[in-house]
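Residue numbers (my numbering), protein chains in the order written: chain W, 1 to 380; chain Y, 381 to 678.
Backbone N, C-alpha and C define an ideal beta-carbon position, used for all residues, glycine too.
Here it is, written out as structure tokens:
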């Protein structure tokens, strides 16, 4: 789950890390009032869960309240990479002398949280990693002992010799670690962390991603979820306990198991098509789950065929077939459905599908090719 | 031989009275796995299908000599269950549970390593040495005893591949699902090392997916240390960046963990990479004589 900049900043402030004062607005008038209260130059920033907001025109400077109102009017409702801007953060503008990147990720190689820091801040850190990897400093932390101030200080001295900046940066790094661990994050960053010409330091931006597996014990963070910034079909799938990701193609995929689901999508592309989605229906053959999954897939008008690819292991194929038949009875499906069931009792399952409108296939390759043919036929 | 589990495996099931735990305990017993104990706090003294139940893993180990644990408890209790199994002296702990917070796994990982134990999972289907022992939820009937080692981050995709091996007359030494989470106890390299040392294993199929750099590191390891032929498949070539594809660990982020990078690493290491699952056995046949013969005969 992604947390907005303004929400992440609230978590920083709660731990004593100062951020430039600011507030969220949903209308230009609110933005104007906030800017008036702050006084002087402000920044109006779109609150959407995508990177590159600045480049897309979602971050604007305003010299006074009137201008803040105009900029907010332009940004609110704007479409950034498919997401509509519903909120802006209006925040005091900070003079920038130099910019740093400070972050913390859950590192898979060391199996521990790992700081990432760079004196090349304010830009896309992924680009820095590619073009100037020597400018990126990392430090893995043993989670049993937690981050210690000396570690944060050591890292800060890799980026600067300025004692005031090191002090502010050490505080920021320790706060990042605390918020990261306390909120079950997988990624947290301040980019940029800024030094002003007066020698002050400020955390100007914030990004925070939370481990979905830990949301059950993070009620305060879960409450920060912004449904307006998520795909409707993905929200519905999550509520039904399905793992679903919307894609752009026309072949709807229902598969049991994440690995097999990815392999099925890949095979659709291998044969020259495009999958409409990733969907892992899980281990059971529960007809209700199948119905929900089909409803979600069929909401996308681009879908011209549906492909079921089920490996019956512990779940027997005849059980899955029974579930499928029941599900298709309950739902009017305007597109052809190709069904490939393999594994335990597959012959029995295939017999059960005879006489139904479901189109059987034996191998994964055959199933994908049939679905593609039908999807293309439907498009003509 | 086989790796990690065999006829000497004496298994304790944590969460034996739960829905999944009880179902899969029956399946494991039916397969011939020596299930010597179960643990459910509060149900000590009872039994399940003649398997004695204990309140703690320590008691189960003390009374039955269990050396391996399998965990079916809910996600919120899974990390505690791993600590308990290792603390009780289990050398191998297999955590089937899906949805364990990754934060918990950082300290669990360190603890398991310090104690010299081995963890497989979490969020994994377990492992099977066909004809000897099954620990987890894999469908036993698709497996046959033989000489191909299989290691994978996924469940059903692995069954798909194992099924193809078996249908082509190629049995398996051990099939291991290492799990789809960002932090897992046993990685590809641990399994490759074990397969290389195992006289029964003559070839390896490695099934990877997007996310992390485990496959890249495995490729590096193979080029230096593995002499048996290795054939691979990588799932997720079509996955969009920044989206978690079912498994918590299957995500391309920060430009890292792409399928392209993994395929390139394997190819550079001399590992054949199948473009689709049905190409795995033919690819294996190019480098492993029994597979070539099996395909010809089939």
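CB contact check: residue i to chain W, cutoff 9 Å
{"i": "residue 512(Y)", "result": "no"}
{"i": "residue 662(Y)", "result": "no"}
{"i": "residue 558(Y)", "result": "no"}
{"i": "residue 617(Y)", "result": "yes"}
{"i": "residue 483(Y)", "result": "yes"}
{"i": "residue 498(Y)", "result": "no"}
{"i": "residue 607(Y)", "result": "no"}
{"i": "residue 543(Y)", "result": "yes"}
{"i": "residue 655(Y)", "result": "yes"}
{"i": "residue 537(Y)", "result": "yes"}
Beta-carbon contacts of residue i that lie in its chain and below 8 Å, excluding the five residues immediately before and after
{"i": "residue 70(W)", "result": "28, 62"}
{"i": "residue 17(W)", "result": "171, 172, 175, 203"}
{"i": "residue 543(Y)", "result": "522"}
{"i": "residue 126(W)", "result": "none"}
Residue i classed as buried or exposed, judged by whether at least 16 other C-beta atoms fall within 10 angstroms
{"i": "residue 45(W)", "result": "buried"}
{"i": "residue 275(W)", "result": "buried"}
{"i": "residue 651(Y)", "result": "buried"}
{"i": "residue 15(W)", "result": "exposed"}
{"i": "residue 519(Y)", "result": "buried"}
{"i": "residue 145(W)", "result": "exposed"}
{"i": "residue 523(Y)", "result": "buried"}
{"i": "residue 163(W)", "result": "exposed"}
{"i": "residue 430(Y)", "result": "exposed"}
{"i": "residue 379(W)", "result": "Because residue 379(W) sits at a pLDDT of 45, beneath the cut-off of 50, its placement in the model cannot be relied upon, and the point is left open."}
{"i": "residue 626(Y)", "result": "buried"}
{"i": "residue 577(Y)", "result": "exposed"}
{"i": "residue 427(Y)", "result": "exposed"}
{"i": "residue 347(W)", "result": "exposed"}
{"i": "residue 167(W)", "result": "exposed"}
{"i": "residue 149(W)", "result": "exposed"}
{"i": "residue 223(W)", "result": "exposed"}
{"i": "residue 403(Y)", "result": "exposed"}
{"i": "residue 189(W)", "result": "buried"}
{"i": "residue 388(Y)", "result": "exposed"}
Cβ of residue i within 9 Å of any chain Y Cβ
{"i": "residue 227(W)", "result": "no"}
{"i": "residue 275(W)", "result": "yes"}
{"i": "residue 4(W)", "result": "no"}
{"i": "residue 336(W)", "result": "no"}
{"i": "residue 108(W)", "result": "yes"}
{"i": "residue 214(W)", "result": "yes"}
{"i": "residue 380(W)", "result": "Here residue 380(W) scores only 40 on pLDDT, less than 50, and its place in the model should not be relied on; the value that follows carries that caveat. So, not an interface residue."}
{"i": "residue 115(W)", "result": "no"}
{"i": "residue 101(W)", "result": "no"}
{"i": "residue 204(W)", "result": "no"}
{"i": "residue 8(W)", "result": "no"}
{"i": "residue 11(W)", "result": "no"}
{"i": "residue 269(W)", "result": "yes"}
{"i": "residue 311(W)", "result": "yes"}
{"i": "residue 179(W)", "result": "no"}
{"i": "residue 250(W)", "result": "no"}
Beta-carbon separation (whole angstroms), residue i vs residue j, contact threshold 8 Å
{"i": "residue 100(W)", "j": "residue 176(W)", "result": "No, residue 100(W) and residue 176(W) are not in contact; Cβ-Cβ is about 12 Å, not under 8 Å."}
{"i": "residue 5(W)", "j": "residue 182(W)", "result": "The Cβ separation is near 18 Å, so there is no contact."}
{"i": "residue 516(Y)", "j": "residue 502(Y)", "result": "Incorrect: roughly 12 Å between the Cβ atoms, too far for contact."}
{"i": "residue 339(W)", "j": "residue 322(W)", "result": "Incorrect: roughly 12 Å between the Cβ atoms, too far for contact."}
{"i": "residue 85(W)", "j": "residue 58(W)", "result": "6 Å"}
Which residues DSSP lists as bridging residue i, in chain order
{"i": "residue 79(W)", "result": "84(W)"}
{"i": "residue 508(Y)", "result": "514(Y), 555(Y)"}
{"i": "residue 137(W)", "result": "117(W)"}
{"i": "residue 294(W)", "result": "Looking at the DSSP assignment, residue 294(W) forms no beta bridge with any residue, so it has no partner."}
Sequence-distant residues of the same chain with beta carbon closer than 7 Å to residue i, five excluded per side
{"i": "residue 642(Y)", "result": "588, 595, 596, 614"}
{"i": "residue 95(W)", "result": "196, 197"}
{"i": "residue 330(W)", "result": "291"}
{"i": "residue 336(W)", "result": "305, 359, 374"}
{"i": "residue 155(W)", "result": "115, 117, 137, 139, 173"}
{"i": "residue 574(Y)", "result": "383, 384"}
{"i": "residue 277(W)", "result": "244, 245, 246, 247, 252, 253, 297"}
Same chain, Cβ closer than 6 Å to residue i, neighbours up to 5 away in sequence not counted
{"i": "residue 326(W)", "result": "287"}
{"i": "residue 510(Y)", "result": "523, 524, 525, 552"}
{"i": "residue 81(W)", "result": "50"}
{"i": "residue 440(Y)", "result": "392, 417, 419, 434, 446"}
{"i": "residue 631(Y)", "result": "591, 624"}
{"i": "residue 266(W)", "result": "none"}
Residue-level contact to chain B via CB, residue i, 9 Å cutoff
{"i": "residue 471(Y)", "result": "Absent here is chain B; the protein component of the structure consists of chains W and Y."}
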